[in-house]
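Numbered by UniProt numbering, the letters in the sequence shown go through residues 1 to 190 in order. A quick write-up on the structure given underneath.
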Amino acid sequence: MAKGKYEYWLTPDGLLRLEAYARDGLTDEQIAHNLGITAKTLYEWKNRYGEICEALKRGKEVVDILVENALLKRALGYSYNEDKYISVKMDQVEYYEKLEAFMNHYKYEHPEATDSDLMLVREQFPQTKTVLVERKTKDVTPDTTAQIFWLKNRKPNEWRDKQDIEVSGNINNPYEGISTDDLKKLINDG
Numbered sequence: 001m002a003k004g005k006y007e008y009w010l011t012p013d014g015l016l017r018l019e020a021y022a023r024d025g026l027t028d029e030q031i032a033h034n035l036g037i038t039a040k041t042l043y044e045w046k047n048r049y050g051e052i053c054e055a056l057k058r059g060k061e062v063v064d065i066l067v068e069n070a071l072l073k074r075a076l077g078y079s080y081n082e083d084k085y086i087s088v089k090m091d092q093v094e095y096y097e098k099l100e101a102f103m104n105h106y107k108y109e110h111p112e113a114t115d116s117d118l119m120l121v122r123e124q125f126p127q128t129k130t131v132l133v134e135r136k137t138k139d140v141t142p143d144t145t146a147q148i149f150w151l152k153n154r155k156p157n158e159w160r161d162k163q164d165i166e167v168s169g170n171i172n173n174p175y176e177g178i179s180t181d182d183l184k185k186l187i188n189d190g
């Protein structure tokens, strides 16, 4: 995008599009590419124009919340239903009731339909229906990796890998004050 085209991105449509790019999970580099500018230019625009910065923040917040919720769900475990369906042939009474209702709706939606159009639609109406035959509730066990990630980020003082160790006492360096050349000489002389 040519210089000075940032004005479009300050309009309501432009800001909405920026927010959508961020909400879709695009990185700043990808957003800049979509705008036809460099990531550096986008960074400058974010610093110069608060509206652009806020639009991108709003979009990213939505995605961040969705990801946080998915991570929490995975960390805690969850249940879901797995349904099994089969197709069965409808009895004649049910078939003709559904066909009549469908055809009436079709005629209402397509008043210009000819008799041959209606005949074609009637012939293609399915004679089967889908029936739920089994529902199983399945459990997804909590994911320890997700738990660790969550805890390290939410409670870093308690869950971080890095340990701060405090050492007290004196450390004596017997080579303190010796020049580099003298140290090399000591090493070579063995």
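For each residue, glycine too, the CB sits at the ideal point set by N, CA and C.
Once the 5 residues before and after residue i are set aside, which same chain residues still bring their CB inside 7 Å of it?
i: Lys84; result: Val133, Glu134
i: Val62; result: Arg23
i: Tyr95; result: Gln127
i: Ala32; result: Thr38, Ala39, Thr41, Leu42
i: Leu66; result: none
i: Ile86; result: Val131, Val133
i: Arg58; result: Glu19
DSSP state of residue i, grouped into three classes?
i: Glu166; result: coil
i: Arg160; result: coil
i: residue 210; result: Nothing can be reported for residue 210: it is not among the residues displayed for the chain, which extend from 1 to 190.
i: Pro12; result: helix
i: Ser116; result: helix
i: Asp28; result: helix
i: Gly177; result: coil
i: Glu7; result: helix
i: Leu18; result: helix
i: Met1; result: A caution first: Met1 carries a pLDDT of 41, below 50, which makes its placement in the model too unreliable to give a value.
Per DSSP, which one or two residues make a beta bridge with residue i?
i: Thr137; result: Asn81
Determine the extent of the alpha helix (DSSP H) in which residue i is found, giving its start and end residues.
i: Ala101; result: 92-109
i: Asn172; result: That residue, Asn172, is in no alpha helix (DSSP H); it is neither H nor E in DSSP.
i: Tyr43; result: 39-48
i: Leu151; result: 144-154
i: Asp182; result: 180-189
What residues in its chain sit with their C-beta under 8 Å from that of residue i, if we drop five residues either side in the sequence?
i: Leu118; result: Met103, Tyr106, Lys107
i: Asn157; result: none
i: Tyr80; result: Thr137, Lys138, Val140
i: Asp143; result: Arg74, Ala75, Gly77
i: Lys60; result: Ala22, Arg23
i: residue 199; result: This structure leaves residue 199 out entirely; the chain is present only between 1 and 190.
Leaving out five residues before and five after residue i in sequence, what residues of the same chain have Cβ atoms less than 6 Å from its Cβ?
i: Cys53; result: Lys46
Check your understanding: In chain order, which continuous runs of the beta strand (DSSP E) of length 3 or greater are located wholly inside the region 57-89?
Key -> 78-89
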